[in-house]
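Asks: For reference, the structure I am asking about is given below.
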Amino acid sequence: ASKQMPASITSIDRDMIGQSGARSLFDLLEIYVPAFHYLSHHWEASHMGMRSIIGDRDDKYLLVVNGRVMNEKTHFGALSERDMPMLGDIRKIDVVRGPGSVVYGPGAVSMVINIQTDTFENSSADSVTAKWGIGEEFGSLDLQKAISFDEGGRHGLLLYGGISDYEGADQSHAPLVYG
30 ASKQMPASIT SIDRDMIGQS GARSLFDLLE IYVPAFHYLS HHWEASHMGM RSIIGDRDDK
90 YLLVVNGRVM NEKTHFGALS ERDMPMLGDI RKIDVVRGPG SVVYGPGAVS MVINIQTDTF
150 ENSSADSVTA KWGIGEEFGS LDLQKAISFD EGGRHGLLLY GGISDYEGAD QSHAPLVYG
């Protein structure tokens, strides 16, 4: 279906996420999506952009999770889901780049980030994943558990959660200099 879309699409699957070493959704998109960029802000959340379309209102893209638009009609746009450091429950991400993204509706001027997460029906095995980074002072632990409600395994519950601390590199090792 995505091959018939009148747009440029970048698809990122679970294997690509695991191979990337990305520590956040921002890192992941910057690795795989051409012309994607995000900028740190002095006192609020980072801003995402595509093809030099970026602003401090974050209303030029749509963030969709399992078919639901996550954008709020406030200053921040899509605040939830985008700063999550744990990527273990993501099954696939499709990024619709450029003007073709407007087929998704209002707000999709520069891109649409369409995230599909695991469900009970398509989850992988139960897992515990620990990550630790020394140079960037990063640590995370995520847990995934599927609980079946019947013998056939057709109905159930998928639990996914975790804890993370991402301090980033020390200022003396990676100075951020504003021009």
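Numbering-wise, the sequence shown is residues 30 to 208 according to our numbering. Note that CB positions come from ideal geometry on N, CA and C, so glycine has one too. Everything numeric in this text was worked out from a predicted model, so none of it was measured.
So what does ALA107 bridge to, in DSSP terms?
Replies: Its beta-bridge partners do not exist; DSSP assigns none.
Asks: For SER47 and SER156, what's the separation of their Cα atoms in angstroms?
Replies: For clarity, residue 47 is Gly in the given sequence; the question names Ser instead. So the two alpha carbons sit approximately 14 Å from each other.
Asks: Could you tell me which of ASN95, ASP194, ALA51 sits nearest to VAL141, measuring between CA atoms?
Replies: The closest CA to that of VAL141, considering only ASN95, ASP194, ALA51, is found on ASN95.
Asks: Compute the Euclidean distance between the alpha carbons of ALA107 and HIS184, then round it to the nearest angstrom.
Replies: 31 Å
Asks: State the beta-bridge partners of GLY159 as determined by DSSP.
Replies: In the sequence on display, residue 159 carries Ala and not Gly. ALA159 pairs with LEU170.
Asks: Kindly list the residues whose CB is nearer than 8 Å to the CB of MET115, restricted to its own chain and excluding five residues on each side of it in sequence; keep chain order.
Replies: The answer, listed in chain order, is SER169, ASP171, GLY191, SER193.
Asks: ARG120 by DSSP, collapsed to three states: which one?
Replies: strand
Asks: What are the partner residues of GLY182, as DSSP defines its beta bridges?
Replies: DSSP lists no partner for GLY182.
Asks: How is the beta strand (DSSP E) around PHE65 delimited, first residue to last?
Replies: 65–68
Asks: Tell me the DSSP secondary structure of GLY47 in three-state form.
Replies: helix
Asks: Counting along the chain, where does the alpha helix (DSSP H) carrying ILE213 start and finish?
Replies: Residue 213 cannot be examined here, being either before or after the span of the chain that is shown, 30 to 208.
Asks: For the beta strand (DSSP E) containing THR39, list its first residue and its last residue.
Replies: 37–42
Asks: For GLY132, count neighbouring C-beta atoms within 10 Å of its own C-beta (all shown protein chains included) and say buried if the count is 16 or more, exposed if not.
Replies: The sequence shown places Val at residue 132, not Gly. Flag for VAL132 reads exposed.
Asks: Indicate the three-state DSSP secondary structure (helix, strand or coil) for SER152 in the structure shown.
Replies: coil
Asks: Can you tell me whether ARG86 is buried or exposed, with buried defined as 16 or more other CB within 10 angstroms of its CB?
Replies: exposed
Asks: Applying the 10 Å Cβ sphere with the 16-neighbour rule, what's the burial state of ASN151?
Replies: exposed
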